[in-house]
Each structure stands twice: as C-alpha cells, then as structure tokens.
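Student:
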Amino acid sequence: MTHRKMKYTFFDKIYFCGEIDGSLTDGVAAITFPIAFALSIPLFRIGEVWSLLPIALIWFAMFRIVEYIYDKHGRRGKVLIHFRGSKYDARKFAYPLLLSYWIVLPALAYVAQHVFLK
Numbered sequence: 000m001t002h003r004k005m006k007y008t009f010f011d012k013i014y015f016c017g018e019i020d021g022s023l024t025d026g027v028a029a030i031t032f033p034i035a036f037a038l039s040i041p042l043f044r045i046g047e048v049w050s051l052l053p054i055a056l057i058w059f060a061m062f063r064i065v066e067y068i069y070d071k072h073g074r075r076g077k078v079l080i081h082f083r084g085s086k087y088d089a090r091k092f093a094y095p096l097l098l099s100y101w102i103v104l105p106a107l108a109y110v111a112q113h114v115f116l117k
C-alpha cells in the first residue's frame, strides 16, 4: 500500500489559525461561520420569521460537515502537525488571516447578492 502525500489547502490554514488560540475560536468555527453566513445572506432578504429555519439548517449542516472532515475523519491532527512552527503559528499572522477571511468572504457574498438578485 502506497502512502499518498496529503495536500493542504487554504481552509487548512484557516483551521490551524483558529486552533492556535482556543479562547477566540476553534478550527471548525473558524471555517464554518463565514461560509454559513455567506450562504445565509440571500435568506436574510426575505425578512420573514420562517426563513430562520433554513438559516439554522445551513449553519448546523456546515458545522457538522467541517467537524466531520477535520475531527472525525482525522485531518485535524495532520493539519496541526504540518503547520506547527510555521508562520501561521504566530499570533501576529494568524489573527489578521482569520479576520480577513471572516470579513472578505461575507462581503463578497453580500456584493454578489446585490448584483445578481436585483
């Protein structure tokens, strides 16, 4: 059996940056919340109470999927070992990366909503 080398993605960097300081967030939440918020933005336009159910389902499903991939599927340990000691291990680089990801992704979704859902 050959051992394939694992490819690390941008989301692995976000996961690692979220994990280095558990008091701010964790890796699963660091990845999940901006994506779930971006997917929920079109539903916010509806403005009805019943639209909260699909929004809650989106958030729950995203959290469970990312949790499965990283925690249950074994990717968490590999990511933590791979990025330990790298520039992503320093808080001075990790926090700006997390904040930019948390701001840019929902902002792009918000702009796309106004362009495509007029």
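Read in our numbering, the sequence shown has 5 at position 6, and its numbers run on one by one without any break.
C-beta: ideal position from N, C-alpha, C; glycine also.
Report yes if the CB atom of residue 29 is closer than 9 Å to the CB atom of residue 14, and no otherwise.
Tutor: In contact: residue 29 and residue 14 (Cβ atoms closer than 9 Å).
Student: Determine the burial state of residue 34: buried for a count of at least 16 other Cβ atoms within 10 Å of its Cβ, exposed for fewer.
Tutor: Under this definition residue 34 is a buried residue.
Student: Give the C-beta separation of residue 87 and residue 4 to the nearest angstrom, bearing in mind that I take them to be a contact with Cβ-Cβ under 8 Å.
Tutor: Residue 87 to residue 4, Cβ: 19 Å. No contact.
Student: By a C-beta neighbour count over all protein chains shown, 10 Å radius and 16 as the cutoff for buried, is residue 39 buried or exposed?
Tutor: With 16 or more other Cβ atoms within 10 Å, it is buried.
Student: Suppose you measure from the CA of residue 1 to the CA of residue 65; what does that come to, to the nearest Å?
Tutor: Residue confidence is low: residue 1 scores 49 on pLDDT, short of 50, so the model does not pin down where it sits. Its coordinate-derived value is still stated next. Going by the C-alpha atoms only, they are around 27 Å apart.
Student: Once the 5 residues before and after residue 36 are set aside, which same chain residues still bring their CB inside 7 Å of it?
Tutor: If we look at residue 36 and ignore the five residues flanking it on each side, its Cβ neighbours are 105.
Student: Buried or exposed: residue 73, going by 16 or more other Cβ atoms within 10 Å of its Cβ?
Tutor: The residue in question, residue 73, is exposed, as its Cβ has fewer than 16 Cβ neighbours within 10 Å.
Student: Could you tell me the distance, in whole angstroms, from the CA atom of residue 100 to the CA atom of residue 10?
Tutor: Straight-line Cα distance between these residues: approximately 10 Å.
Student: When we look at the beta-carbon of residue 93 and count the other beta-carbons within 10 Å, is it buried (16 or more) or exposed?
Tutor: Under this definition residue 93 is a buried residue.
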